[in-house]
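Asks:
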Amino acid sequence: QTHQHINPSDEFFAVPYFCSCCSGEFDLLMAAASPTQAPAMTLPAAMAAKVAPSPKPAPAGDRKVVPVMTDADEVVVQVQVQAELHVLAVDDSVVDRAVIAKILRSSKYRVTTVDSATRALELLGLGLITDVNMIITDYWMPGMTGYELLKRVKESSELREIPVVIMSSENVPNRITRCLEEGAEDFLLKPVRPSDVSRLCNRIR
Amino acid sequence: MVPEMGYLDEQFNQLEELQDESSPNFVEEVVALFLKDSPRLLSNIEQTIGKYPQDFYRLDSLVHQLKGSGSSIGAVRMKNECSVFKAHCNDRNLEGCRRSLQKMKREHATLKQKLESYFQLLRQVGPREHAVNSRK
C-alpha cells in the first residue's frame with residue numbers, strides 16, 4: 001500500500017498522521033471545512049492496518065485526528081476541530097476596542113468586546129459569555145477600574161483561573177506591581193502593538 | 001504614500017500592517033471612529049473648563065481619554081498636546097488649560113484634514129494592497 005505526502009494548499013488543510021510503513025508523518029488532505037464541521041474520511045482497511053495514529057498534543061486551532069473503528073472493517077478518521085481561544089476585551093474607548101479586537105482577531109482569536117468592567121462581570125456572571133480563555137482590560141475606566149475587575153475575577157471561584165491582562169497608557173511602577181501582585185498575567189503599555197499581544201498569547205496557549 | 005511626518009507615529013504604521021483581506025479598510029474605519037469620538041471629548045473639555053468651581057479632576061479624566069484614543073491611532077501631536085494639558089491640570093493652571101485646548105482643537109482640525117486627504121489619495125491611486133505594499 002502506498003501513500004503520498006502531499007503539500008497542503010488553500011483549499012485543503014493537512015492533518016498530520018503518523019504512518020507505520022514509513023515511520024514518518026504523512027499528511028491526509030481534508031477538504032477545508034468550516035471550523036464547526038468535523039469532516040470524516042475513510043481509509044481502506046489494508047492501509048488502516050499499517051497506520052498507527054500518534055496524535056501529538058494539539059494546540060488550540062489545530063485538528064486532532066481520531067480513528068474510529070466501524071463494522072465495515074474500515075477505519076473512519078474523524079477530525080475534531082479544537083476551538084479557537086476566546087478573549088474578552090474590556091475598554092471604555094471605542095477606538096481602543098477596535099484596535100485590540102483587530103490585533104487579537106489577526107492572531108486567530110475569537111474576541112468579545114465590552115465597554116465596561118461592570119458589563120464584563122454581568123455577562124460573565126450570567127453565563128452570557130462562556131469559555132473565556134483570557135481577559136484583557138484597560139486599567140483606567142469610569143466606574144469600575146480594570147484593577148477592580150482583576151480582583152473580582154481572582155476572588156471568584158468560577159473565574160479565578162482565567163488569566164487577566166491589564167493595559168494602561170501610563171507607566172506607573174507601583175500600579176504595575178500592584179496588578180501583578182493581585183494576580184494579573186501581564187501588564188501592557190498602550191498603545192498596544194501586535195507584537196505585545198502575540199508574545200503574551202504564546203504564553204496563554 | 002507615507003503618512004505626514006510629525007503628525008503620525010509608528011503606531012499608525014502598525015495599524016496599516018494589520019490590514020488584510022478580511023478587513024481591507026481597517027485603518028480608515030478606526031480613524032473614522034476616532035474622528036467621530038474626539039469632537040465630543042473636545043466639546044466636553046471646553047464645557048468643563050467653563051465651569052466654576054474648576055473641576056481639574058474631570059478635566060484630567062477627559063483629556064486622558066482623548067490622549068489614549070489619539071495615541072492608539074498614532075496621532076503623536078495630539079498625544080503630546082494632551083500631555084501638556086494634563087500638566088496644566090496638575091498645576092491647577094486654568095489659563096494654561098485654555099491655551100492648550102485651543103492648540104488641541106487646531107491640531108485636531110489639521111489632523112482630520114490630513115487624514116481625510118490621505119485616505120482619499122489612497123482610493124485614487126488604486127487597490128489598497130498596492131498603496132500599502134509600496135511602503136514595505
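Which chain is which? The protein sequence lines are D and E, in order.
Taking full-length UniProt numbering, the leading residue of the first sequence gets 1, the next gets one more, and so forth.
Taking full-length UniProt numbering, the leading residue of the second sequence gets 1, the next gets one more, and so forth.
For glycine and all other residues, C-beta sits at the position ideal for the given N, C-alpha and C.
Remember, it's a predicted structure, so these values are computed and weren't measured experimentally.
Ordered along the chain, which non-local residues of its own chain (more than five positions away) have a Cβ less than 7 angstroms from that of Ile45/E?
Replies: Position 45 of the second sequence, counted from the start, is the residue given in the question as residue 45/E. Result list for Ile45/E: Leu59, Leu62, Val63 and Leu101, in chain order.
Asks: Secondary structure at Ser23/E, three-state DSSP: helix, strand or coil?
Replies: The residue given as residue 23/E occupies position 23 in the second sequence. In this structure, Ser23/E counts as strand in the three-state DSSP scheme.
Asks: Tell me, which residues are paired with His86/D by DSSP?
Replies: Here residue 86/D corresponds to residue number 86 of the first sequence, with the count starting at 1. According to DSSP, His86/D bridges with Arg110/D.
Asks: Taking the straight line between their C-alpha atoms, what separation do you get for His108/E and Leu124/D?
Replies: Taking the first residue of the second sequence as position 1, residue 108/E is located at position 108. Taking the first residue of the first sequence as position 1, residue 124/D is located at position 124. Cα to Cα, His108/E sits roughly 38 angstroms from Leu124/D.
Asks: How close, in whole Å, do the beta carbons of Leu150/D and Glu182/D come, if the pair is a contact with beta carbons under 8 angstroms?
Replies: Position 150 of the first sequence, counted from the first residue, corresponds to residue 150/D. Position 182 of the first sequence, counted from the first residue, corresponds to residue 182/D. Between Glu182/D and Leu150/D the Cβ distance is about 5 angstroms, and since that is below 8 angstroms, they are a contact.
Asks: Using a Cβ cut-off of 7 angstroms, pull out every chain E residue sitting near Arg193/D, in sequence order please.
Replies: In the first sequence, counting from the first residue as 1, residue 193/D sits at position 193. Going along chain E in sequence order, the residues near Arg193/D (Cβ under 7 angstroms) are Gln14.
Asks: Give the residues of chain E in contact with Asp96/D, contact being defined as C-beta atoms less than 8 angstroms apart.
Replies: Within the first sequence, the letter at position 96 stands for residue 96/D. The contacting residues are Gly68, Ser69 and Ser72.
Asks: Determine the chain E residues that contact Ser106/D at a beta-carbon separation under 8 angstroms, and present them in chain order.
Replies: Counting from one through the first sequence, the residue named residue 106/D turns up at place 106. By Cβ distance, chain E contributes Leu18 and Asp20.
Asks: Check the DSSP bridge columns for residue 206/D and list the partner residues they point to.
Replies: Missing from the structure shown is residue 206/D; chain D here goes from 1 to 205 and no further.
Asks: So for Asp186/D, helix, strand or coil by DSSP?
Replies: As a position in the first sequence, residue 186/D is number 186, starting the count at 1. Three-state DSSP puts Asp186/D in a strand.
Asks: Whose Cβ in chain D lies nearer than 7 angstroms to the Cβ of Phe34/E?
Replies: As a first step, residue 34/E is located in the second sequence; it is residue number 34 there, counting from the start. Val95, listed in chain order.
Asks: Based on DSSP bridge pairs, tell me the residues matched to Leu200/D.
Replies: Locating residue 200/D in the first sequence gives position 200, where the first residue counts as 1. Paired residue(s): none; Leu200/D is not in a bridge.
Asks: Pull up the distance between the alpha-carbon of Ala87/E and that of Lys67/E, whole angstroms please.
Replies: For the purposes of this step, residue 87/E is identified with residue 87 of the second sequence, where counting begins at 1. For the purposes of this step, residue 67/E is identified with residue 67 of the second sequence, where counting begins at 1. One C-alpha to the other measures close to 13 angstroms.
Asks: Based on the DSSP secondary-structure assignment, which residues constitute the bridge partners of Ala75/E?
Replies: In the second sequence, residue 75/E corresponds to position 75, counting from 1. Answer is Leu8/E, bridged to Ala75/E.
Asks: Do the region 27-34 of chain E and the region 114-128 of chain D meet, that is, are 3 or more Cβ pairs less than 8 angstroms apart?
Replies: No: the two stretches stay apart, fewer than three of their Cβ pairs being nearer than 8 angstroms.
Asks: Report yes or no: is there a C-beta of chain E within less than 8 angstroms of the C-beta of Ser169/D?
Replies: As a first step, residue 169/D must be located in the first sequence, where it is residue number 169. Closer than 8 angstroms to some Cβ of chain E, the Cβ of Ser169/D qualifies, so yes.
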